[in-house]
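**Q**
Numbering (my numbering), first residue to last: 726 to 816.
#1: Report the option in 745, 762, 760 and 761 whose CA atom is closest to the CA atom of residue 754.
#2: Taking the C-alpha atoms as reference points, what is the distance between residue 778 and residue 729?
#3: Quick check: the Cα distance between residue 786 and residue 810, rounded to an integer number of angstroms?
#4: Does the separation of the CB atoms of residue 758 and residue 748 fall below 8 Å?
#5: Taking DSSP as the reference, what is the three-state secondary structure of residue 728?
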C-alpha cells in the first residue's frame with residue numbers, strides 16, 4: 726500500500742537523515758522509519774479519550790458565523806467554518 730505525504734522541507738530532511746542513520750543507507754530505511762512513526766502515533770491516539778459521536782455536524786455549525794456576514798468572502802467564511810469545526814471536534 727502507498728501513502729503520499731507532503732512534508733515541510735526541513736522536517737523531511739531531518740527524518741530522512743535519522744531514518745538512514747538508524748536503518749542504514751539502503752533501500753527500505755525510509756519505509757521502516759515511516760511505519761514505526763505511524764505505528765507509534767496511532768498507538769498514542771488510541772490511548773487518548775475517544776471523540777464524541779456527532780449526529781448532525783451542520784446543526785453544530787448553525788449560527789457560528791453570523792457575525793462575519795458581509796465582512797468576508799464565501800471562501801474566507803469556508804476557512805473560518807473549517808477552523809471552528811476543527812475546534813468543536815477537538816472538544
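Beta carbons are placed, not taken as given, at the ideal position from N, Cα and C, and that holds for glycine. Since this is a predicted model, take the numbers as computed values, not measurements.
**A** According to the structure shown:
#1: 745
#2: 29 Å
#3: 7 Å
#4: yes
#5: coil
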